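Going down the list, the protein sequences come from chains S and B.
Whatever position you read off the first sequence (first residue = 1), add 2 for the numbering used here.
Whatever position you read off the second sequence (first residue = 1), add 2 for the numbering used here.
Here's the structure, in structure tokens; my notes come after.
Protein chains: 2
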Amino acid sequence: MSEAQQNSPYENTLYENTPYDLIVMGRLGVDLYPLKAGVPLDRVETFGRFLGGSAANVAVAAARLGRRVALVSRTGADPFGVYLRRELETFGVGVRWVTEVAAYPTPVTFCEVFPPDDFPLYFYRQPKAPDLEMRPGELDLDAVRGARVFWATGTGLCAQPSRDATLGALEARGGAVHTVFDLDWRPAFWMDQDPHPYYAQALRHATVAVGNIDECEIATGTRDPHAAAKELLGAGVELAVVKQGPEGVLAVHRDGSSVRVPPLEVKVLNGLGAGDAFGGALCHGLLAGWPLDRTIRWANAAGALVATRLECSSAMPYAAEIDRLLLLATGGE
Amino acid sequence: MSEAQQNSPYENTLYENTPYDLIVMGRLGVDLYPLKAGVPLDRVETFGRFLGGSAANVAVAAARLGRRVALVSRTGADPFGVYLRRELETFGVGVRWVTEVAAYPTPVTFCEVFPPDDFPLYFYRQPKAPDLEMRPGELDLDAVRGARVFWATGTGLCAQPSRDATLGALEARGGAVHTVFDLDWRPAFWMDQDPHPYYAQALRHATVAVGNIDECEIATGTRDPHAAAKELLGAGVELAVVKQGPEGVLAVHRDGSSVRVPPLEVKVLNGLGAGDAFGGALCHGLLAGWPLDRTIRWANAAGALVATRLECSSAMPYAAEIDRLLLLATGGE
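Written out as structure tokens, the structure is:
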């Protein structure tokens, strides 16, 4: 099947009864980015608007790699919600489970872009984001079970009914390979609640855990990458992926294999979205059945490419771009 | 005193101990406007950011007419708050009473621009706007009493502690001429509360009431302009100003005089902000001691000018522009 077919907005019609390669469940919103890097937010005069939200970005990243993807999320009943659904379809992401919530506006997020490593975010998700109104009873659990990869996030656990919906979907997978839990720890969304019991519950149903070092510390209590990976395996997954930023990526499998991939030397413009590009490419590698080493190197390169670009969703790389960067990075070996 | 002096950012130093011409109390936020008119919000790709909020716009409008103005309001403790304070100062509006609230982000408002008469707004002021955290104990009531004109708004009554602060400031005026109450009715901010008792209380302390026909209906129960004006006079003010949109403006004074000004024929680009330009110019006329007829005609022209422009705050007209439009409109008489 060609990439053009896969990314077609008509995918829902063409492949109505086949399972999705990937179903992603979680955050969706509008990102408002300065059109110039290095300008503090109080001096930014014009903003570009982009599709955003970690889960949505992972879905877009995988769709761009030719995968058949659907998102489970919610928006406000407003023009920004209309935009997001249309944009997802344009990117080839199925939106049948992206529904409207009348009570809350579509979230918007402003960011400041200070390369290479400072990208503060300003969230407008109050009093509640529509994507936290995902309800257990409204999920298509057959589709969730049937997906070749299912991806849920820690943010989905921060409020009800999204928490029950997310845990219910993970449980419905019955430990099926591949069930990914993205630790996605955003302290601002949790107020004074303790995330630990919910993270532990999610990890029991997942086969893959992905997180950066801060997120691993929340889930496992340690900032040591190897120790954190071991704890994640102990919590129930078979593959633990620890993103260490400038230190690269560590992946440890229950079978004893492990991979440590150094970061690629790229000129970072906007680090936001790199983790989501990594996630989409990780799913692609899992679906392809690639060896762990190839999958993590490839995902690492996908993240690096997005970091060189201002946008997140629209900047998600195509497979050929990732191959080319890896070829360049290894000196054409 | 020259206009240049009046608009100087050094005004606080130069005139530290003189009373303000105008103190405005109320809403302040960031407006995000499409850079092209006629594009629905779900299709807008880039937004310009502007100073917004009805009270802030009235302050800017009066400052641009050479008046010494200060705003009483609050912002979040964030980069948008920094921007708003700097922008107010650039416009010549004193910001000593524009303070930060740590708990809430600076509000942002998106708008759609469908000339000539459809300008939907999308407010992000949840869970609470910082400007509703104005507190009675933090007001400089001597300055409020000393101002030659004091301006408060109905939105200031929609939540505590802003309600007590607004009513306290109005009461502190002791019926001094001129104390303006801008009805400023925004149903979205009131939830299920009944505004009537608070509006009645505010009007008892005001000498001028200003509102459009919807707002007058909330305050008085009638949509008939003359009947509404009569009710407003009965509620305590000496001057009632009813903005009727395409029907022009009706102003009725307790002394029996009244003025009806037809709308000016202009090509409307964005009607938002026209009412605030009207308000700033109304204050200018009151301060100048102009006859009612001249004041209302002039304020009407100021509003018409802003309606021909995309922005609100930065589009507030200078006195010479208003004179010129009136001269053109009367065929150069």
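Every residue gets a Cβ at the ideal spot worked out from N, C-alpha and C, and that includes glycine.
The structure displayed is predicted, hence computed values, not measured ones.
Pairwise C-alpha distance: residue j and residue i
i: V210(S); j: G282(S); result: 13 Å
i: G287(S); j: D257(S); result: 18 Å
i: D194(B); j: D226(B); result: 25 Å
i: R51(S); j: T92(S); result: 15 Å
i: Y126(S); j: R76(S); result: 15 Å
i: A131(B); j: R296(S); result: 50 Å
i: G148(B); j: V110(S); result: 41 Å
i: G2(B); j: G78(S); result: Residue 2(B) lies beyond the range of chain B shown here (3 to 335); nothing can be said about it.
i: I215(S); j: S260(S); result: 17 Å
i: E102(S); j: R45(B); result: 18 Å
i: V146(S); j: V95(S); result: 15 Å
i: N302(S); j: A279(B); result: 54 Å
i: G305(S); j: G277(B); result: 49 Å
i: Y201(B); j: A39(B); result: 35 Å
i: G236(B); j: I220(B); result: 15 Å
i: R29(S); j: S56(S); result: 6 Å
i: L123(B); j: A154(B); result: 22 Å
i: E217(S); j: W300(S); result: 22 Å
i: A229(B); j: E135(B); result: 35 Å
i: H224(B); j: P197(S); result: Inspection of the sequence shows that residue 224(B) is occupied by Thr rather than by His. When rounded, the distance between both Cα atoms is 54 Å.
i: P293(S); j: L234(S); result: 20 Å
Closer than 8 Å to chain S by CB, residue i
i: V103(B); result: no
i: G281(B); result: no
i: L274(B); result: no
i: P197(B); result: no
i: D33(B); result: no
i: V97(B); result: no
i: Q162(B); result: no
i: Q203(B); result: no
i: Q246(B); result: no
i: L73(B); result: no
i: T92(B); result: no
i: T77(B); result: no
i: P129(B); result: yes
i: D184(B); result: no
Proximity winner among the options, relative to residue i (alpha-carbon distances)
i: E47(B); options: A304(B), Y35(B), D142(B); result: Y35(B)
i: T20(S); options: R150(S), R51(S), Y124(S); result: R150(S)
i: R206(B); options: G31(B), N214(B), A178(B); result: A178(B)
i: E114(S); options: R29(S), P42(S), R326(S); result: P42(S)
i: Q246(B); options: L37(B), T181(B), A231(B); result: A231(B)
i: Q203(S); options: V95(S), A174(S), G139(S); result: A174(S)
i: V60(S); options: D142(S), P122(S), V26(S), L123(S); result: V26(S)
i: Y320(S); options: E313(S), L329(S), L307(S), A331(S); result: L307(S)
i: C285(S); options: P264(S), C218(S), V182(S), G213(S); result: V182(S)
i: L328(B); options: V212(B), G28(B), V268(B), C314(B); result: V268(B)
i: Y85(B); options: D33(B), P264(B), E135(B); result: D33(B)
Below-8 Å beta-carbon distance, residue i vs any chain B residue
i: D295(S); result: no
i: S10(S); result: Because the pLDDT at S10(S) is just 46, under 50, the model does not fix this residue reliably, and the point stays unresolved.
i: R51(S); result: yes
i: V84(S); result: yes
i: V110(S); result: yes
i: P107(S); result: yes
i: V100(S); result: no
i: N14(S); result: Low local confidence applies: a pLDDT of 49 at N14(S) is under 50, so the model's placement there is unreliable, and no value is given.
i: D194(S); result: no
i: Y124(S); result: yes
i: L43(S); result: yes
Proximity below 8 Å, CB of residue i to CB of residue j
i: A208(B); j: V244(B); result: no
i: A63(B); j: L90(B); result: no
i: N272(S); j: F121(S); result: yes
i: G54(S); j: G31(S); result: yes
i: P117(S); j: D80(S); result: no
i: L266(S); j: A317(S); result: no
i: D133(S); j: S164(S); result: yes
i: P129(B); j: D166(B); result: no
i: V74(B); j: L141(B); result: yes
i: T222(B); j: V270(B); result: no
i: Y22(S); j: A104(S); result: no
i: R262(B); j: L252(B); result: yes
i: R88(B); j: V100(B); result: no
Taking 8 Å as the threshold, find out whether the segment 247-257 of chain S comes into contact with the segment 157-170 of chain S through three or more Cβ pairs. Contact fails: fewer than three Cβ-Cβ distances are below 8 Å.
May I ask you to verify whether the segment 58-72 of chain B touches the segment 167-177 of chain B, counting CB pairs closer than 8 Å and requiring at least 3? Touching, no, given that fewer than three Cβ pairs across the two stretches are closer than 8 Å.
Inspect the CB distances between the segment 316-327 of chain S and the segment 183-194 of chain S and report whether three or more fall short of 8 Å. Touching, no.
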